[in-house]
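Position 113 of the sequence shown, counting from 1, maps to 113 under this note's numbering, and the rest follow consecutively. Idealized CB from N, CA, C, for every residue including glycine. Model, not experiment: these values are computed from the prediction.
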Amino acid sequence: MGKIEYWLSGRRPNLEHLIYYLIILFLPTQLGRHFWPSFSYIYGIRVDYLSPTLYITDVLIILLFAFWLINNTRNLSFEKLIGALADLLKTKSFLLLLPFLIIAGIVVSKNQMAGWYGIIKLIEFGFIGYYTSVFINKKRFKKILIIFSITLIFESLIAVFQFINQGSLGGLLYFLGERSFNGQTPGIANASLNGNLVLRPYATFSHPNVLSGFLLISMILILYNLITKNKFLLRMFAFSLIVGSISLFLSMSRVAILLWLVIVTTFIFRTIGQKNKYGTLYLLIVLAIFFGIFFTPLGSRFLDLSFSDPVIKTRLDLIKNSVFLIIQNPIFGVGINNSISELSLISMRDNIFYFQPVHNIFLLIALQVGLSGLLFFLWFIIRTYRNLRFTIYDLRFTILSCILILGFFDHYFLTLQQGQLLFSFALGLCWAKCYNI
Numbered sequence: 001m002g003k004i005e006y007w008l009s010g011r012r013p014n015l016e017h018l019i020y021y022l023i024i025l026f027l028p029t030q031l032g033r034h035f036w037p038s039f040s041y042i043y044g045i046r047v048d049y050l051s052p053t054l055y056i057t058d059v060l061i062i063l064l065f066a067f068w069l070i071n072n073t074r075n076l077s078f079e080k081l082i083g084a085l086a087d088l089l090k091t092k093s094f095l096l097l098l099p100f101l102i103i104a105g106i107v108v109s110k111n112q113m114a115g116w117y118g119i120i121k122l123i124e125f126g127f128i129g130y131y132t133s134v135f136i137n138k139k140r141f142k143k144i145l146i147i148f149s150i151t152l153i154f155e156s157l158i159a160v161f162q163f164i165n166q167g168s169l170g171g172l173l174y175f176l177g178e179r180s181f182n183g184q185t186p187g188i189a190n191a192s193l194n195g196n197l198v199l200r201p202y203a204t205f206s207h208p209n210v211l212s213g214f215l216l217i218s219m220i221l222i223l224y225n226l227i228t229k230n231k232f233l234l235r236m237f238a239f240s241l242i243v244g245s246i247s248l249f250l251s252m253s254r255v256a257i258l259l260w261l262v263i264v265t266t267f268i269f270r271t272i273g274q275k276n277k278y279g280t281l282y283l284l285i286v287l288a289i290f291f292g293i294f295f296t297p298l299g300s301r302f303l304d305l306s307f308s309d310p311v312i313k314t315r316l317d318l319i320k321n322s323v324f325l326i327i328q329n330p331i332f333g334v335g336i337n338n339s340i341s342e343l344s345l346i347s348m349r350d351n352i353f354y355f356q357p358v359h360n361i362f363l364l365i366a367l368q369v370g371l372s373g374l375l376f377f378l379w380f381i382i383r384t385y386r387n388l389r390f391t392i393y394d395l396r397f398t399i400l401s402c403i404l405i406l407g408f409f410d411h412y413f414l415t416l417q418q419g420q421l422l423f424s425f426a427l428g429l430c431w432a433k434c435y436n437i
């Protein structure tokens, strides 16, 4: 059996499956072609969030959809499709309200073209989530773990060397989406450590916080599946967790770091409870790392918090302005992909320009599709939790909870390609009918 056939676990290569694995492999990249139609400008300034972009992962998703459609329409008659839709409407007829609310919000929005583009992206990632839910089984999940481990090591090493270099590495990494930057690049993410500005690494992601979200979710996937009889995989998984943890600390993303410490500590206590001979040693290592953080310059990142910090002030202003707009548009919201335009109108009155979304996915949903849209989202999240084994030791419960906690402090799971793919994958994983992963 050839290597590709072994990888796909079939007698012949399955291109549909291979494309899905490639989507996971290229998830951390942001190589794409940006387009700048008139609706992507605000006051004559290009806004990345509004720019229609064709990423390499978009091309792969389009190919995946084409193969999936061809393979499924062969055995699907028009009568079966109508019957399935009729059954859905009988049990979940209220779901028809959601597309109505979204479309109505776009129709009354000020930037309709941005809204229609937002719907296309929503459908795209909805498909990825659905495909993940029906694709994953125990054998395929192991292959996905290997891919995440490889990308985790790769991205972590890039981040470490960027931190050492205090700038981008350049070269072929450009074709994976690494931007050219250093600590003096306008708008770059620096952190103040004991009064000194230090560049936070990006790897091939659009922001250090997105990098930290990817690192966290990847390490949770690997940590919960660390035990394996394959010694090579065990070493690779262990190494990926080590370099991933180092990279996560260097990203200086507070919430992600704290979540990782809590998860690892919980995992170790569970290991001790199972009378694993290495449990106590693991706990001592984590405690040493935890206390070591606060006795290094990184500790000031957690301890020197102030509401006068420009970053925190910006986020609070965005929250205040978002709440104001939600009150003004409670039913339909301002429209998908219209939040930045509307927020910029308010900030302009104070001669401040915030060309970014509110850093909270719950407020962002309410702002874009109204309170009714937020209720639909909460209903779906509750249904997703009910589909899981409700325990902190369940992999999918942990991943979903971490994404929601991170989403309470940031927006990238709804606004940036890499975050959207990660969220879609996580939701699909939660709905996969495979309970022994």
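Supposed close pair residue i, residue j - CB separation, criterion 8 Å
i	j	result
G373	L96	With 8 Å as the limit, G373 and L96 do not qualify as a contact, their Cβ atoms being about 14 Å apart.
I220	I263	6 Å
G370	N338	Contact doesn't hold; Cβ gap of about 12 Å is too wide.
L421	T57	6 Å
G129	F332	Not quite, the Cβ-Cβ distance comes to about 24 Å (not below 8 Å), so this is no contact.
Q368	I336	5 Å
S424	F125	4 Å
L343	G177	No, L343 and G177 are not in contact; Cβ-Cβ is about 26 Å, not under 8 Å.
D48	N209	That pair is no contact at about 15 Å.
L145	I222	6 Å
F39	L50	6 Å
S206	A256	So it is not a contact: roughly 15 Å between Cβ atoms.
S133	W379	The pair is not a contact, with the Cβ atoms about 17 Å apart (cut-off 8 Å).
Close Cβ partners of residue i (< 7 Å) along its chain, the five nearest in sequence each way excluded
i	result
S341	I42, K110, N111
I19	L60, L63, L64, F67
L157	V243
F135	Y20
T204	P28, T29, Q30, E155, I158, L173, L176, G177, E178
I23	T57, L60, I61, L64
S149	I222, M236, F237, S240
V334	S109, L325, E342, L367, Q368
Cutoff 6 Å; reference residue i; Cβ partners in own chain excluding five residues on either side
i	result
K433	none
Q417	Y55
R33	L54
F397	L388
E5	For E5, the pLDDT reaches just 38, beneath the cut-off of 50, and the residue's location in the model is therefore unreliable, leaving the point undetermined.
R315	H359
F377	I365
T151	P28
Start and end residues, beta strand (DSSP E) containing residue i
i	result
G32	32-34
N196	196-199
Y21	Here Y21 belongs to no beta strand (DSSP E); instead the alpha helix (DSSP H) covers 15-25.
T53	53-55
Boundaries (first-last residue) of the alpha helix (DSSP H) holding residue i
i	result
N190	Taken as a continuous stretch (DSSP letters only), N190 belongs to no alpha helix (DSSP H), being part of the beta strand (DSSP E) at 190-193.
Y385	361-386
Y412	412-415
L211	208-223
S247	231-251
I312	310-328
G407	395-407
L226	L226 -> no alpha helix (DSSP H), and no H or E assigned at all.
P99	97-107
Neighbourhood of residue i by C-beta, 8 Å cutoff - its chain only, sequence neighbours within 5 removed
i	result
L250	A159, V160, F163, R200, P201
G183	Q166, G167, N190, L197, V198, L199
Y131	Y20, L64, W68, G428
D445	Outside the displayed range of the chain (1 to 437) lies residue 445, so it cannot be described from this structure.
I246	S156, V160
L180	The question names Leu, yet the displayed sequence has Ser at residue 180. S168, G170, Y174, listed in sequence order.
I346	N321, F324, L325
I147	Y21, I24, L25
F413	G213, I361, I403, L406, G407, G419, Q420, L422, F423
L98	G373, F376
Would you list, in sequence order, the uninterrupted alpha helix (DSSP H) runs of no fewer than 4 residues that lie entirely inside the region 132-165? 138-165
Mind the definition here: the region 130-147 touches the region 360-372 only if three or more C-beta pairs lie below 8 Å; say whether that holds. no
Using a Cβ distance threshold of 8 Å, determine whether the region 208-216 contacts the region 403-412, with at least three qualifying pairs required. yes
Segment contact flag, the region 234-242 with the region 165-174, C-beta cutoff 8 Å, min 3 pairs: no
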